[in-house]
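Student:
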Amino acid sequence: MNDTILKSITRIIVPFIQVYGVFIILHGHLSPGGGFSGGALIGTSLILFTLVFGVKKAKVKFSERVAEISGSAGIIIYVLVGIVGLVLAGSFLTNIEAGFPAGVAGTLMSAGMIPIIMIGIGIKVASTMITLFHTLVEEEVR
Amino acid sequence: MIEQLPIINLLLLLGTALIIPLFKKRPFQLSLTLCFLVLLTVLVSSVFLLIHVLEYGEFYYHFGNHENLIGIEFLIDAFSAFFTVFVAALVLVIYLYSWKDKTEGIENKEFGRYYILLFILLFSIFGILYSNDLFNTYVFIEILSITSCAIISIKRKKETYTAAFRYVMLNEIASMSYLLGVALIYMITGHLNLERVATSLQSIWPLYSTNIIIAIGFMTIGVGIKAAIFPFHIWLPDAHATAPSTSSAILSGIVVKIYILVLVKLLFRVFGMEIVEALHIKWIMLILGSAGMIMGSIFAIAQKDVKRMLGYSSVAQIGYIILGIGLFTEAGLQAAFFHIISHGIMKAALFLSVGVIIYYKHVQKLKDFEGIGYQMPISMTVFSFGALGMVGIPLTSGFISKFNLGIAVIDANLIFFLIIIILSGLLNVVYYFPIVISAFLKDNKEMQKIPHIEKVPNIMLIPILTLGVAIVVLGLFPNLIMDIIVSVVATLF
Amino acid sequence: MKSIFKNNAAPVIKRHMIDRFQDRITYTSSKLILTIFLLLVAFIGLIKNVFGLTDYLKNVSFIYQFYLDIAHFIWMPLVILAIPMIGGLSQIAFGQRASSRRDRLVIFMTFLTIILIMTMYPQALSGGLEIRFPEVLGIGIGFRIDMLGYIVLLITSIIWFLVMVYAHEYMKKENKSTRFFFFLAFTYVSVLGAIMAGDLLTMFLFFESMTIFSYMLVIHGQAEEAYKAGQNYIFMGLIGGFLILCAILLLYFNIGDLRFVSAITKLDGLGNLKYWIMGLLVLGFGIKAGMAPVHVWLPRAHPVAPTPASALLSGIMIKVGAFGILRTATSYFFPSKEAVSSYADPIWLTIESIGAIIIWFGIITMVVGVFLALQQSNIKRMLAYHSVSQMGYIVLGIGVSLYLGYKGAMGYSGAIYHIINHALFKSLLFMVAGVVFYHTHEADMYKLGGLWKKLPFTAIICLIAALGISGIPLFNGFISKSLLHHGIVEAYTYGDKMFFFAEILFILVSAGTVCSFIKMYYYVFIRKTDRNYDHIKREFSCLDSAMGLIAILIVIIGVFPKLLLNEFILPQLRLITFDPDFIEHYIVDAHFFTSEDLWMTVLVVFLGVVLFFAGSKFHWFHIKLPRWFSLEYLFFLPAFIIMRLICRYLRGDRCPIEYSSYNLLNLKNDNQTGFVDRFVITMKAFNLRFEASIIKSDALIYTGFITLVLLFMFIFGRF
């Protein structure tokens, strides 16, 4: 779209949306939200960018290669954390017993592995959303 | 260490699905070999698990060491171990076949995607079989629906889109029904773990009967749509007509059966015999099963496309299985499980041999099958064995399952269904035999006089031969598997 | 073929002898046939201990050792099954190129089978050689050979061997003979297995495989009628198989053991179920045996199959059906020897009622067969109807033996004897028909004539066979028909007086058989005609040598009837629960050439001749039966009407099932669409109308069924 207002507003808003998304991801163990919703937010921000600025520019910012890598990275983080739990404590995805720092309940650095998993999930969801959207939009163009 | 095997299986499958895209730049053969090794490892570990469980009994796997009140639990008993072995073995054989199956419209660069989907599909199947938690099963069911839909519609043709769309729509309705049932059960019991739900339901059944009835109704029909039980089989023939042969074999041979196993778990472990008998679910299943047996064959007779015909034949055979389950006796369940195994093998053999014929001759309509028996003797022989098994001729495993089902039906004193079984066998003859006869006897006009062995790559012939041999071996020595099935059924009662 | 031994340095005398034979194989196979004949004579001699030879031989130590080895080699049934299988598979290697070697292999393998079967005699005599494989097929299969099975095995192998010799020459005029011999070998395996079966499941297994393999033989010609006949054949065969399967399931569930041992005590407690079981078994095996009303596949399958296949189909395979009825009835429904000692024991009541029904089935079959046979002009079709009629005799014999129960030994022996005799003369008759067809390419008897000049050897053979089937003394048919006649007389002496009508019909049918064969012989061989048969060459070929031995056997059995009776049938009778005094009194000292029987034969022949002359004069042999008289039409008429209605409703006026075939059915015209084809067309119409709409209305189906199921559970559930 060539609308100036949209472009300016988007340029300002997108970082805020992303920060909010990261906030939701990181506070998954403290407040409602977590990896899925936070990742959806980040994905939405990228979709907004694509809608306003066009697919080509969005692909410069977030190319297919990056999407693939981040998608795999998300799951790999999840699986690796689980395996750490498996190896150290005998069960997949074990939390405190595997030695993840428990911390004080209510603070950010607490609840063992959950923030780490949330980050992985967030990355994966965001990259999935943007990949799907790009595929759909490109189909139409073709 | 052996207790970690279930999760190692799952992680291996998931890991392979993740690693395949990384091998894009390398020669494709590398990723194929890697996949084969992973499948072999999974099969071996499943066999170990089965042996372990048969000797020492079942065990639980708690995720994160949380107890099952708040955590997710896997139950590994004879039931899950046995069927994971079956799935792993069958997928291994079908996987070997798919190495060369290139002319089905799957472009080369999509090949990697196909295997990613296949491995995630396998991952979700293992998850469903192991899981002991209602919502966890739902998650895996969703993954299975989506991957199986993707595996079917991987060809980029126009017909695939309609079929895939219908498949997705029906599956989503079914998943939603299942979720509604889960929600209702959670509402009244407050648990999601199968065993806790079962104990809780026993005590509150008189109080919340409406809830339980609606839950059972929706869950049964939801899973029934996915399992292609008679009136809900609508998506199956279209899906088969447009899918590559490998996917058809996996869909009809394995995926549909997994949903039947979910149904079995629900009815036997969650709701229990008391509720099931009070609500006369037996009659619903018996009627749906017999209707499926007859109507499936009736529709199959009229088909012109061989894959659609095989799809409707699957519907009929699933009717047999539902009939066996609907008897709610041990003999019935044993017959049904044996038929799950034997139909899986037979259907896979049929689809794979049809696939070879399509690969070689690029034909799919029934009337193009004339005289093919001389050009492709091995594939048509295996096809004939599969067809004979479907009809129920002795020496094939199909006969054994018919025999056991007949005994189970007589045991439950329902002779009427015995007549329906026989009738359905006769109907099967009407549409299978003409194909075999026209393939071997009628002369094709372009046929050469001297039969030559088909120029089909060996890697596609070996799985077909293995399946054909398996049909006959199971037909001669069914007790190899029946003994295990007896202990499997014992865990459900 | 003659060039093969021009290169051979055979001595002059031998070459002169060989020149008279058509080819080398004729010479070899004639030697083999002679060997078989001598072996048979020696075999019988050894059994009867002629001249004290057996005792002398037993004293020679290594022969005695050999004898002991044979007598204890229990795996012989498996070896016997394996040999034709190996032969069938290896003859593919020779194929069309080395056809004489292939035929030699086939002939040799059947020859070997005969010898191996002969060695099983000591074990069969002692009451049973039994092998079991407990884990196979779920509940285990097994083989058991007693004298009943042994007799049928022996005659099967001899006839199969001779038909193989015959087929060598005959198949020179057909193509794709490798495929033919392959499926013939596997049919042989199935037949042998079915006879040697020790329990019902094994018999069922081999029975089904026999149906499937013999289907390929019927369809061999690949003409349009062959496909239709084959379709009819395999459908009826599979329906029979399913009926037997039902009976197996019911038996297994209620009795727990399918072996052929007495189960009447448990069966009696089941009430009406035992009649259902027997009915299913009789119908199931009866379809294969050509019993009316389910005999309709027989007259269709025989004319289209090549002659060796027809000879075996009529000679052996339908006997397996009768064998099945006999085996199951006398094993499951007879009490064990110790349990009963008198005729009036109430345990016989079950089998009595079953026997009565089977007697009537047999009578109907006999009458239907002979009546329709008289109407035919195609030689093979006429012979097929005669097979139906003669199977009626056998079924009658089985029925009599069941009806009389404890005193049923006469009927039993009559049935077995007639199985042997019919196998011999019917295969011989088919071979004769095949020879006629081979030389003249004409299958209609009204178009032939005067062949005795060109084919004198064949004419003599045909005369022997016709005398055999008519029951003339000094030929084998006389013996079995007398036994059966005595059986019927006993039936109405000891039982219901109603069976007197059965005897009258028996005599009439025998007269009809005589008449029919007079007719055939006259029209084919004797009648003067202007047709020119100069192209027929008179060489001694395999066809003739094979037919020769069977004719000799027919005459020998006719002249020495006690041979078969005493050595083979009596031991079997003693094994089964028949009254020993009865056996001693009536069967051991049976006099066959009594004046009563001879006068009966004279009466039958007289009636037959009268019938023939009256029939030719009044044109009784060309009756145009009303169009609706066909059995199938009557049976399927409601189904046809319903299907036409459905079709018309679903597709409007353009229904593809045409009107004409439903109105007018011509017995000779096979152009109507059969039941299966109509069924397929109706299904297609059904599918066309409904499938697309079902697929489109998925949501409606879902909501409809959810509501139905929930309503069902709410209304009928008990909480």
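Residue numbers (our numbering), protein chains in the order written: chain A, 14 to 155; chain B, 788 to 1280; chain C, 10 to 728.
C-beta: ideal position from N, C-alpha, C; glycine also.
#1: Specify whether the segment 1129-1148 of chain B and the segment 1067-1080 of chain B touch according to this definition: at least 3 beta carbon pairs, one from each stretch, less than 8 Å apart.
#2: Can you tell me whether B:Thr1183 is buried or exposed? The criterion is at least 16 other CB atoms within 10 Å of its CB, across all chains shown.
#3: Anything in chain C within Cβ reach of B:Gly1314, meaning under 9 Å, just list it in chain order.
#4: For chain D, find out if any of its Cβ atoms is closer than 8 Å to the Cβ of C:Asp707; answer yes or no.
#5: Determine the extent of the beta strand (DSSP E) in which C:Ile730 is found, giving its start and end residues.
#6: Note the first and the last residue of the continuous beta strand (DSSP E) segment covering B:Glu1157.
#7: What residues match up with B:Arg943 in a beta bridge as DSSP calls it?
#8: Beta carbons nearer than 7 Å to chain C: which residues of the segment 1186-1216 of chain B have them?
#9: Taking B:Val880 and B:Ile863 to be in contact with their CB atoms under 8 Å, please state how far apart those CB atoms are, rounded to whole angstroms.
#10: Pop quiz: C:Lys537 and C:Gly458 are said to be a contact at Cβ under 8 Å. What is the actual Cβ separation, rounded to whole angstroms?
#11: May I ask which residues mark the beginning and end of the alpha helix (DSSP H) holding C:Phe82?
#12: Measure the alpha-carbon distance for B:Thr1278 versus B:Asn1191 and round it to whole angstroms.
#13: Indicate, with yes or no, if the ligand PLP has a heavy atom lying under 7 Å from the CB of B:Asp1092.
#14: What residues from the segment 258-273 of chain C come within 7 Å of chain B, judged by C-beta to C-beta, listed N to C?
#15: Quick check on A:Thr107 - is its C-beta less than 8 Å from some C-beta in chain B?
#16: Pairs of beta-carbons, one from the segment 427-438 of chain C and one from the segment 592-609 of chain C, closer than 8 Å: are there three or more?
#17: Measuring straight from C-alpha to C-alpha, what distance separates C:Ile286 and B:Ile1165?
#18: What's the gap between the Cα of C:Ser398 and the Cα of B:Ser1101?
#19: Distance, Cα to Cα, C:Leu289 vs C:Ile516?
#20: What did DSSP end up calling B:His1020 once you bin it into helix, strand or coil?
#21: Considering only C-alpha positions, which residue in the set B:Ile1187, B:Ile1008 and B:Tyr1161 is nearest to B:Met963?
#22: Pick from B:Leu1213, B:Ala1199, B:Leu824 and B:Ala950: whose alpha carbon is nearest that of B:Thr1029?
#23: Could you list which residues in chain A have their beta carbon closer than 7 Å to that of B:Gln791, in chain order?
#24: Please tell me whether B:Ile975 has its Cβ less than 8 Å away from any Cβ of chain C.
#25: Mind checking who C:Ala310 pairs with in its DSSP beta bridge?
#26: Taking buried to mean at least 16 other C-beta atoms within 10 Å of its own C-beta, is B:Lys811 buried or exposed?
#27: Taking just the CA atoms, how far does C:Leu572 sit from C:Leu582?
#28: Indicate whether B:Leu957 and B:Phe922 have their beta-carbon atoms separated by less than 8 Å.
#29: Does B:Tyr965 pass the burial test, meaning 16 or more other C-beta atoms within 10 Å, or should it be called exposed?
#30: Can you pull the chain A residues whose beta carbon is under 7 Å from the beta carbon of B:Ile765, in chain order?
#31: Keeping to the same chain, check which residues put their C-beta closer than 8 Å to that of C:Val718; ignore five residues upstream and five downstream.
#32: Could you pull out every residue in the same chain whose Cβ sits closer than 7 Å to the Cβ of A:Gly151, ignoring the five residues on either side in sequence?
#33: When DSSP labels each residue in this structure, what does B:Glu860 get in the three-state scheme?
#34: Just tell me which of B:Ile807, B:Phe1125 and B:Ser1077 has its CA closest to the CA of B:Ser818.
#35: When Cβ atoms are compared, which residues of the segment 1261-1279 of chain B fall closer than 9 Å to chain C?
#36: When you compare the segment 466-480 of chain C with the segment 378-393 of chain C, are there three or more beta-carbon pairs, one atom per stretch, that lie closer than 8 Å?
Tutor: Taking the definition as stated:
#1: With the cut-off at 8 Å, the segment 1129-1148 of chain B and the segment 1067-1080 of chain B do not touch.
#2: Translated into positions along the second sequence, residue 1183 of chain B becomes position 396. The residue in question, B:Thr1183, is buried, as its Cβ has 16 or more Cβ neighbours within 10 Å.
#3: There is simply no residue 1314 of chain B to check, as chain B begins at 788 and stops at 1280 in what is shown.
#4: Note that chain D does not occur in the displayed structure, where the protein chains are A, B and C.
#5: Past the boundaries of the shown model lies residue 730 of chain C; chain C is included only from 10 to 728, so the question cannot be answered.
#6: Walking along the second sequence from the start, residue 1157 of chain B turns up at place 370. Unbroken run through B:Glu1157: none, as it is neither H nor E.
#7: Position 156 of the second sequence, counted from the start, is the residue given in the question as residue 943 of chain B. B:Arg943 is not bridged to any residue.
#8: The segment 1186-1216 of chain B vs chain C, Cβ under 7 Å: Ile1187, Phe1190, Gly1193, Ile1194, Ile1197, Asp1198, Leu1205, Ile1209, Gly1212, Leu1213 and Val1216.
#9: Within the second sequence, residue 880 of chain B is the residue found at index 93, counting from 1. Within the second sequence, residue 863 of chain B is the residue found at index 76, counting from 1. Taking a contact as a CB-CB distance under 8 Å, the pair B:Val880 and B:Ile863 does not count as one, their CB atoms being some 24 Å apart.
#10: Taking the first residue of the third sequence as position 1, residue 537 of chain C is located at position 528. Taking the first residue of the third sequence as position 1, residue 458 of chain C is located at position 449. Distance from C:Lys537 to C:Gly458 at the Cβ level is roughly 7 Å; contact confirmed, criterion being Cβ atoms closer than 8 Å.
#11: By one-based count along the third sequence, residue 82 of chain C stands at place 73. Where C:Phe82 is concerned, there is no enclosing alpha helix (DSSP H), given that its DSSP letter is neither H nor E.
#12: Here residue 1278 of chain B refers to the residue found at position 491 of the second sequence. Here residue 1191 of chain B refers to the residue found at position 404 of the second sequence. Rounded to whole angstroms, B:Thr1278 to B:Asn1191 spans 19 Å at the Cα level.
#13: Inclusion of the ligand PLP in the displayed structure is not the case, the ligand content being empty and no account of it being possible.
#14: Residues of the segment 258-273 of chain C with a C-beta atom less than 7 Å from some C-beta of chain B are Leu258, Leu259, Tyr261 and Phe262, listed in chain order.
#15: By one-based count along the first sequence, residue 107 of chain A stands at place 94. Chain B, which has a Cβ nearer than 8 Å to the Cβ of A:Thr107, makes this yes.
#16: A contact between stretches requires three or more CB pairs, one per stretch, nearer than 8 Å, and the segment 427-438 of chain C fails this requirement with the segment 592-609 of chain C.
#17: Indexing the third sequence from 1 puts residue 286 of chain C at position 277. Indexing the second sequence from 1 puts residue 1165 of chain B at position 378. Each residue's alpha carbon lies about 40 Å from the other.
#18: Counting from 1 along the third sequence, the entry for residue 398 of chain C is found at position 389. Counting from 1 along the second sequence, the entry for residue 1101 of chain B is found at position 314. Using only the alpha carbons, I get a separation of about 44 Å.
#19: Taking the third sequence and counting its residues from 1, one reaches residue 289 of chain C at position 280. Taking the third sequence and counting its residues from 1, one reaches residue 516 of chain C at position 507. Approximately 30 Å, taken between the alpha carbons.
#20: Taking the first residue of the second sequence as position 1, residue 1020 of chain B is located at position 233. Looking at B:His1020 - three-state DSSP - the assignment turns out to be coil, as it is neither helix nor strand.
#21: Taking the second sequence and counting its residues from 1, one reaches residue 963 of chain B at position 176. When each option's Cα is compared against that of B:Met963, the closest is B:Ile1008.
#22: Along the second sequence, read from residue 1 onward, the residue named residue 1029 of chain B stands at position 242. Comparing Cα-Cα distances from B:Thr1029 to each of B:Leu1213, B:Ala1199, B:Leu824 and B:Ala950, the minimum goes to B:Ala950.
#23: Against the second sequence, residue 791 of chain B aligns to sequence position 4. Going along chain A in sequence order, the residues near B:Gln791 (Cβ under 7 Å) are Leu99.
#24: Working through the second sequence from its first residue, we reach residue 975 of chain B at position 188. No, B:Ile975 lies away from the interface with chain C (no Cβ there is under 8 Å from its Cβ).
#25: As a first step, residue 310 of chain C must be located in the third sequence, where it is residue number 301. Per DSSP, none; premise fails for C:Ala310.
#26: One-based indexing of the second sequence puts residue 811 of chain B at position 24. Counting the other CB atoms within 10 Å of its CB gives B:Lys811 a total below 16, which places it among the exposed residues.
#27: As a position in the third sequence, residue 582 of chain C is number 573, starting the count at 1. As a position in the third sequence, residue 572 of chain C is number 563, starting the count at 1. Rounded to whole angstroms, C:Leu582 to C:Leu572 spans 15 Å at the Cα level.
#28: Numbered from 1 along the second sequence, position 170 holds the residue referred to as residue 957 of chain B. Numbered from 1 along the second sequence, position 135 holds the residue referred to as residue 922 of chain B. Not in contact: B:Leu957 and B:Phe922 (Cβ atoms no closer than 8 Å).
#29: Position 178 of the second sequence, counted from the first residue, corresponds to residue 965 of chain B. B:Tyr965 comes out buried.
#30: Within the shown structure, residues of chain B are numbered from 788 to 1280, placing residue 765 of chain B beyond reach of any answer.
#31: For the purposes of this step, residue 718 of chain C is identified with residue 709 of the third sequence, where counting begins at 1. No residues qualify anywhere along the chain.
#32: Here residue 151 of chain A corresponds to residue number 138 of the first sequence, with the count starting at 1. It should be noted that the sequence gives Glu, not Gly, for residue 151 of chain A. Counting only Cβ-Cβ distances below 7 Å, and skipping sequence neighbours, we find Val68.
#33: For the purposes of this step, residue 860 of chain B is taken as the residue at position 73 of the second sequence. Of the three classes helix, strand and coil, the one that applies to B:Glu860 here is strand, per DSSP.
#34: In the second sequence, the residue the question calls residue 818 of chain B occupies position 31. Here the closest residue by C-alpha is B:Ile807.
#35: Listed by position, the residues of the segment 1261-1279 of chain B near chain C (Cβ gap below 9 Å) are Gly1262, Leu1263, Phe1264, Pro1265, Asn1266, Leu1267 and Met1269.
#36: As far as the Cβ criterion goes, the segment 466-480 of chain C does not touch the segment 378-393 of chain C, which means the pair count is below three.
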